[in-house]
Structures are given as C-alpha cells and as structure tokens.
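Chains as they are written, first to last, in the numbering used here: chain H, 11 to 209; chain X, 11 to 209.
Reviewing the structure listed below.
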C-alpha cells in the first residue's frame, strides 16, 4: 500500500483529532463529529464539524469532506481518529480516508477492540460485508507505549509508516497517554454536541 | 463592591473562557455560547454550551445557569468573557454574573469598545435602560499589557481586584496577547456552532 514517509516530523506538525459527540445507540438519528486542529501536542488552532448517521455508512465520506472543505486542509499532515467506529457502527475505512484526503491516518484506542463482539454486532446491520471490509482495511492493531509507566494505547494506520506514526503519537501525548488532539476532540465533542433524531 | 482577593494564584487555576458562535446580526434567533475550562494557560479540561437570543436579554442568566449546572463548577475560580456583548447586544451584567456564580469575572477585549456607537445601537432595542445599566456595571475599561512588545488588551472586572485580574490575564496569555481560554473558546465557538432561526 502507498504511504508517505515523513522526511522529518516537526514539533509543530498540524494534526487533526477527530471524535464523535453524544448519540443514543441504535436510535435512528445523527451524531456530531468534531475535528480539532492541533499544532503538535500543545496548541489548538482550529475546529470543524460534520454529522454522521448512527450505525450508518457515511462516516468515511463525511469526515473526508469536512477536512477537504476546511481552511486548515493545506496545513494538515495527519488525521487522528478516536478508533474507527463512529456513532455506533458507522465505520471509517482509514485506507479510503487516506486516499480521499492524501493525509496520513492514525486511529488510536485506549482499549483493545473485541473483534468477536464487533462481528456479532455487524450481523444485525445492513451492508455488513462493506463494514467488515472497512475493519479489515484498518489493518493490524499496533501497541504504542506513549508514556513511560502509563498504559499503552493501540493504533491502526494508513498512509504512514509504523515508525513515523509511533513518533507522532508519542510526541503529541503531552498531557496523558492519549494524543492531545484526541483528548481535546473528545472533551469538545462530548461537551458541546447534541443528538438529533432522524426526521 | 464585594470582591474576592486571591491568596495565591496557582498556575493551574481553573478558568472558564466564554465566547459566542455564529449568528446573523439583527435576525431573530439563537446563537450558541461556548465555555471551555482551562487549567491556567495550557490545558483544556472541559467544554460546555448554552444558547442565547440574538439581541436578547438572557445572556447573564443563561451563562450563569450553564456554569452552575456544569460538573466543573466547583473547580472553577474565574470566568473570562470575550467582551460583555454576546449575540449582538445581549449584554452580560458582570456584577450580576459574579453575584449568581460567586466566581470572579474578567471581560477581555482586543479593541476598545466605542461607547457612543453602542449607545446609539441601544436606542432601537427594547429595555435599553436595563442594557445600559449592564454596560455601566461593567465598570472602568482597564488596559493590560499581556505580552511584552504586543498590543495591550482591555478588561472589565467584577468580584476580583485589578491586580489579581491582571496577574491571571497575563499568566494565561501563553500563546498570544489574548488569554488562552478566550482564544480557544473563540476557535471552538466559531468552528462548531450554528445559528438557529427563531421558530
């Protein structure tokens, strides 16, 4: 698979952290998805938003469009996702997200996803093959020790080497074992967004 | 007027930065107001939201309720507002906001407000005396040189001494001449919120 190798990773590298807001599981409706632009692990420089359908199939497309339409697009180098599932089982295909945006993608999770449980949940949803393909496209779950003496996190990557992704994830974990763009995206998304029922 | 004197100002003091989101001036409707909780000038620890009427009279009440209902209320020490006017001419009475929340209030602006222009705008709005009283309650416009060699900012204060307010405004201006809680509240509010027409 094609990927970018970073010649050097600047401490001020622009990273977008993406997370979803509140929603009611299994209820038809839309959840907000928030993106925060960080310079490295310290400074917030921008914010953007889109919405995706609960248990829908539009997360990859919607997140890609949000990023490409943003005034920050030209400065961004990396997209960090809080895992690959948004608003329930609306799964981001990180290979496709990389192809659409040409930006390296790193999906980070605190907990190891339970693959058997996910497979079972997919059984009840339309287009389960497409969803399963997105899960397979996320590739191997890689462990990263972001901070000494703290819990490791897990990452899946597209369009970036493992070694570059590791460096960026470690460098941006300035406040906790989670990269700062994702810690802040989570706080903002859960504090500010609202669930909208489908009309 | 009653005020709190800080025995010491800790670098990790919890400050709430408050700003309004997008709205269409003079159009009946609601604008989002966003609050971001900062530890000093560095770390975002929480986010909250309310909405206020464009050119309405509910900003003081709505912002106070948002803060008091928040899980961060007990940790907060200072409220920083991006000026005293929200969603057009919905003016925050900072004395009343202090009385309701018992938190020190510092309203900060980059530009000196044009009092004659404000007075003229108020002529066309209901309850202009009440609005004017809120403006008077904001008190003297104090100049603060937050960063050496950069433009000063202006502040109005309630429930805090000038010297404590100056220290906090300077200490939190870590990234620009504007305190970081307000710089980030502005980015988040303008990037994420939407105007809602009145129904």
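Just so you know, even glycine gets a beta-carbon here, dropped at the ideal spot from N, CA and C.
Computed from a predicted structure; not experimentally measured.
Take every Cβ of the region 122 to 134 of chain X, pair it with every Cβ of the region 176 to 184 of chain X, and state whether three or more of those distances are shorter than 8 Å.
-> no
Given residue 20 of chain X as reference, the closest of X:85, X:168, X:109, X:166 once Cα atoms are compared | Working through the second chain from its first residue, we reach residue 20 of chain X at position 10. Residue 20 of chain X has its Cα closest to that of X:85, out of X:85, X:168, X:109, X:166.
Could you tell me whether the Cβ of residue 120 of chain H comes closer than 8 Å to any Cβ of chain X?
-> Residue 120 of chain H sits at position 110 when you count from the first residue of the first chain. With respect to chain X, the C-beta atom of residue 120 of chain H has no partner C-beta closer than 8 Å.
Quick one: does residue 28 of chain X have its CB under 8 Å from some CB of chain H?
-> Numbered from 1 along the second chain, position 18 holds the residue referred to as residue 28 of chain X. Cβ-Cβ to chain H under 8 Å: no for residue 28 of chain X.
From residue 77 of chain X to residue 109 of chain X, what distance separates their C-alpha atoms?
-> To locate residue 77 of chain X, count along the second chain from 1; it is residue 67. To locate residue 109 of chain X, count along the second chain from 1; it is residue 99. Going from the Cα of residue 77 of chain X to the Cα of residue 109 of chain X covers about 13 Å.
Check distances from the C-beta atoms of the region 39 to 65 of chain H to those of chain X and list, in chain order, the residues that come in under 9 Å.
-> 42, 44, 45, 46, 47, 52, 53, 54, 55, 56, 57, 58, 59
Could you tell me whether the Cβ of residue 194 of chain H comes closer than 8 Å to any Cβ of chain X?
-> Here residue 194 of chain H is taken as the residue at index 184 of the first chain, counted from 1. It does: the Cβ of residue 194 of chain H has a partner Cβ on chain X nearer than 8 Å.
Mind listing the chain X neighbours of residue 141 of chain H? Cutoff is C-beta to C-beta under 8 Å, in chain order.
-> Against the first chain, residue 141 of chain H aligns to sequence position 131. Correct list: empty, because the minimum Cβ distance to chain X is about 28 Å.
Going along the chain, which residues of its own chain have a beta-carbon closer than 8 Å to the beta-carbon of residue 57 of chain H, five neighbours each way excluded?
-> Looking up residue 57 of chain H in the first chain gives position 47. The answer, listed in chain order, is 44, 45, 46, 47, 198.
Identify the residues that DSSP records as bridge partners of residue 206 of chain X: which are they?
-> If you number the second chain from 1, residue 206 of chain X lands on position 196. X:40.
Burial state of residue 63 of chain X (16 or more Cβ within 10 Å) = Your numbering for residue 63 of chain X matches position 53 in the second chain. Answer is buried; the Cβ neighbour count reaches 16.
Along the beta strand (DSSP E) that carries residue 91 of chain X, what are the first and last residues, could you check?
-> Position 81 of the second chain holds residue 91 of chain X. From DSSP, the beta strand (DSSP E) with residue 91 of chain X extends over 86 to 92.
Are three or more beta carbon pairs between the region 182 to 196 of chain X and the region 159 to 167 of chain X nearer than 8 Å?
-> yes
Work out the CA separation of residue 172 of chain X and residue 80 of chain X for me, nearest whole Å.
-> Within the second chain, numbered from 1, the residue matching residue 80 of chain X stands at position 70. Within the second chain, numbered from 1, the residue matching residue 172 of chain X stands at position 162. Taking the straight line from one Cα to the other gives about 27 Å.
Kindly list, in the order they appear in chain X, the residues whose Cβ is closer than 8 Å to that of residue 185 of chain H.
-> In the first chain, residue 185 of chain H corresponds to position 175, counting from 1. Chain X residues near residue 185 of chain H: 53.
Could you please give me the residues that DSSP links to residue 14 of chain X through a beta bridge?
-> Translated into the one-based positions of the second chain, residue 14 of chain X becomes position 4. Looking at the DSSP output, residue 14 of chain X sits in a beta bridge with X:170.
Report yes or no: is there a C-beta of chain X within less than 8 Å of the C-beta of residue 201 of chain H?
-> Here residue 201 of chain H refers to the residue found at position 191 when the first chain is read from its first residue. Yes - at least one Cβ of chain X is within 8 Å of the one on residue 201 of chain H.
Alpha carbon to alpha carbon, how far is residue 28 of chain H from residue 204 of chain H?
-> As a first step, residue 28 of chain H is located in the first chain; it is residue number 18 there, counting from the start. As a first step, residue 204 of chain H is located in the first chain; it is residue number 194 there, counting from the start. Between the alpha carbons of residue 28 of chain H and residue 204 of chain H lies a distance of about 16 Å.
State the Cα-Cα distance for the pair residue 137 of chain H and residue 31 of chain H, rounded to the nearest angstrom.
-> Position 127 of the first chain holds residue 137 of chain H. Position 21 of the first chain holds residue 31 of chain H. Those two C-alpha atoms are separated by around 24 Å.
Ends of the alpha helix (DSSP H) at residue 23 of chain H?
-> Here residue 23 of chain H corresponds to residue number 13 of the first chain, with the count starting at 1. Note, residue 23 of chain H: premise wrong, no alpha helix (DSSP H); not H, not E.
DSSP-derived helix/strand/coil call for residue 153 of chain X = Stepping through the second chain from its first residue, residue 153 of chain X is reached at position 143. Residue 153 of chain X: strand per DSSP, three-state reduction.
Where residue 197 of chain H meets chain X, residues with beta-carbon distance less than 8 Å | Within the first chain, the letter at position 187 stands for residue 197 of chain H. By Cβ distance, chain X contributes 54, 55, 56, 57.
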